[in-house]
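Numbering (my numbering), first residue to last: 163 to 741.
Idealized CB from N, CA, C, for every residue including glycine.
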RNA sequence: GCGCCCGUAGCUCAGCUGGAUAGAGCAACGGCCUUCUAAGCCGUGGGUCAUAGGUUCGAGUCCUAUCGGGCGCGCCA
């Protein structure tokens with residue numbers, strides 16, 4: 163059920179009947195104020211201009227043509243030509259009765275399932291995951307879950323960075339440690355971060371070490387067995403780390419989704435050959451470059467895109483072209499969605515242009531690079547700890563659970579020790595995820611321990627608390643979520659809840675289209691907030707409430723709980739019966 | 001130098017194809033627990049939507065310029 167779409171379709175038909183073009187914007191939106199009804203149709207004003215007629219008069223004609231009698235109790239024209247629609251309570255109730263029997267709640271069927279490849283998380287395997295990896299990982303996972311719930315065929319890909327120059331450096335450093343007689347088991351790969359820092363320092367400072375590192379990259383990429391063996395050590399250790407983080411975060415990425423950079427190795431040379439053959443790539447200063455006139459500067463200098471280095475090495479540009487081909491051709495994707503930080507925006511624009519020209523990316527395939535902003539410190543500079551390092555993701559998550567545990571012990575002392583630990587885990591992890599997911603992905607944002615680990619206000623625990631309130635009521639009433647009863651929407655709070663429940667599909671559509679899970683966060687927070695108001699204003703199990711009204715309110719509460727649970731699940735956040 | 005993203009309340013952020021009087025949370029202040037969990041509810045205060053122009057019936061949203069922040073612009077990813 164998508165009320166906005168329904169109203170828009172009806173408006174479009176009415177506009178067509180009045181002689182307006184089929185692509186006229188209906189401009190159906192949610193009303194900003196209760197006195198303006200539930201939805202408003204704003205298209206009459208722009209359309210009047212097109213017809214050179216009076217907007218209010220056109221709005222009047224539209225209203226006559228619309229015939230919303232079945233769903234609206236009031237259709238009013240206001241201001242310069244707004245059409246305010248107030249929905250009928252019995253109509254709303256009827257829509258929700260259908261949802262009560264549907265595991266997909268108020269969602270309609272997906273009319274045209276697509277194959278969507280989603281590339282997210284993509285940690286650099288040379289390092290342990292730090293807080294900066296949180297965004298790509300959980301935003302991607304939330305979008306993936308939404309697409310799957312909607313009914314698309316989703317192919318997850320974890321495009322792990324396992325093939326770059328940094329591995330030459332790591333292997334060179336490891337070789338030296340081994341040569342010094344340190345046993346392989348003893349080598350401190352347990353802390354990849356330290357190991358990486360040591361190697362990086364030598365790479366920057368030590369004469370000859372950088373060259374040695376580059377030699378190792380070439381050896382590795384050309385299949386040297388010894389190098390591959392050492393490389394595999396790093397990869398295994400790194401994957402073990404990310405597995406733990408994914409498990410803690412309830413992220414749905416497994417080993418089967420790992421499609422690392424190295425997996426495209428054999429495709430690179432043929433792609434470069436083909437680019438050369440098509441005349442797209444030309445030699446320039448020793449390297450092979452595709453010059454893009456589309457991205458030229460004001461003087462007309464084209465934007466260079468290097469696909470092969472001097473000396474024959476490949477780079478991430480080449481790998482991403484290979485990924486395009488694989489996803490578009492082999493996986494038959496209708497849409498490719500890639501989550502990386504915003505710094506790579508130009509790179510992906512170039513990849514798409516070249517891939518389309520070279521026929522690696524079919525025309526009908528959508529290629530959506532979804533950038534996200536940088537995590538900033540409270541000083542307004544890119545986030546760093548006092549010592550100049552980053553905060554490990556695992557560390558942040560541990561701290562979150564510790565802080566949540568303290569709150570649980572204080573507020574839910576009647577729970578068993580085991581329950582307290584479980585609530586603390588769900589609340590702590592949920593809070594971190596929600597704090598990050600609720601922000602618009604494109605803008606830079608400030609990292610703050612206190613904001614990220616807050617449990618008051620618009621946070622995950624607020625939504626989880628709303629869920630436990632319903633659970634508590636159901637427990638007392640001795641029923642479960644399968645309970646069904648007729649709905650009567652008497653109070654304003656009840657009606658508002660019903661409208662909100664029916665906006666799930668609208669919200670999900672927007673989340674999937676633009677890959678913006680913060681809209682789902684907003685939606686769930688507003689739903690919870692409206693439920694809290696309803697909970698205070700509309701007693702359910704208290705004395706003097708008639709059975710029909712009681713059952714109706716139970717029904718409404720159940721729908722809220724189910725929507726909350728489902729919605730939070732789409733964000734990868736767990737609920738509990740008590741807290 | 002050129003390009004991309006951003007600038008909204010003291011702080012952190014929403015603001016959906018341009019719509020009516022710009023919204024939350026935190027912080028501050030005032031109420032509400034013998035009745036469904038107070039991690040809650042109700043209320044008060046707080047704004048030149050960076051600045052200046054422009055487009056239009058209507059601009060936080062679109063265009064131009066300026067200022068401020070982040071980032072990117074050939075052999076890292």
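When Cβ pairs closer than 8 Å are counted between the two stretches, the segment 526 to 543 is seen to touch the segment 590 to 610, the count reaching three or more. Shown here, residue 711 sits in a helix according to DSSP, grouped into three states. In terms of CA proximity to residue 670, 305 leads the group 646, 427, 305. Taking the Cα positions, residue 303 is about 27 Å away from residue 477. Taken in chain order, the unbroken stretches of beta strand (DSSP E) that lie wholly in the segment 168 to 221 and span 3 residues or more are 190 to 192, 201 to 203. Close CB contacts of residue 240 within its chain, under the 8 Å cut and outside five residues either way in sequence, are with 198, 246 (chain order). Within the segment 471 to 554, the complete alpha helix (DSSP H) runs of at least 4 residues fall at 478 to 487, 507 to 519.
In its own chain, leaving out the 5 sequence neighbours on each side, no residue places its CB closer than 6 Å to the CB of residue 391. Going by DSSP, residue 454 is part of the beta strand (DSSP E) stretching over 449 to 454.
In terms of Cβ geometry, residue 484 and residue 433 form a close pair [threshold 7 Å]. A distance below 8 Å between beta-carbons, with the five flanking residues on each side excluded, links residue 447 to the following residues of its chain, in chain order: 472. Here the segment 498 to 505 lies against the segment 269 to 286, with 3 or more beta-carbon pairs under 8 Å apart. The Cβ atoms of residue 628 and residue 693 lie closer than 7 Å to each other. Counting of Cβ neighbours within 10 angstroms places residue 187 among the exposed residues, the total staying below 16. Shown here, residue 446 sits in a strand according to DSSP, grouped into three states. With respect to the 7 Å criterion, residue 207 and residue 181 are not classified as neighbours on the basis of their beta carbons. By alpha-carbon distance to residue 506, the top candidate from 527, 494, 482, 520 is 482. Note that the C-beta distance between residue 520 and residue 437 is below 7 Å. Look at residue 458 here: in three-state DSSP terms it is coil, with no helix or strand label. Judged by their CB atoms, residue 268 and residue 163 are nearer to each other than the 7 Å cut-off. Bounds of the beta strand (DSSP E) holding residue 318 are 315 to 319. One alpha carbon belongs to residue 298, the other to residue 486, and they sit about 19 Å apart.
Beta-bridge pairing by DSSP links residue 607 to 537. Following the DSSP letters along the chain, one finds residue 345 in no beta strand (DSSP E), marked with neither H nor E.
Beyond the five residues adjoining it in sequence on each side, residue 546 comes within less than 7 Å, by CB distance, of 539, 552 in the same chain, given in chain order. DSSP, read as helix, strand or coil, puts residue 730 in helix. By the Cβ neighbour-count rule, residue 424 is buried, with 16 or more other Cβ atoms within 10 Å of its own. Judged by beta-carbon spacing, residue 490 lies within the 7 Å limit of residue 523, meaning their Cβ atoms are closer than that value. In the three-state DSSP reduction, residue 236 falls in the strand class (E or B). Residue pairing from DSSP places residue 281 in a beta bridge opposite 319, 500. For residue 246, the enclosing beta strand (DSSP E) covers residues 244 to 249. Cβ neighbours of residue 204 within its own chain (closer than 7 Å, five residues either side excluded): 189, 191, 244. If you check the CB distance, residue 735 and residue 592 come in under 7 Å.
Here residue 324 is near residue 287, since their CB atoms are less than 7 Å apart. With fewer than 16 other beta carbons inside 10 angstroms of its own, residue 573 counts as exposed. In this structure, the CA atom of residue 588 is about 43 Å from the CA atom of residue 428.
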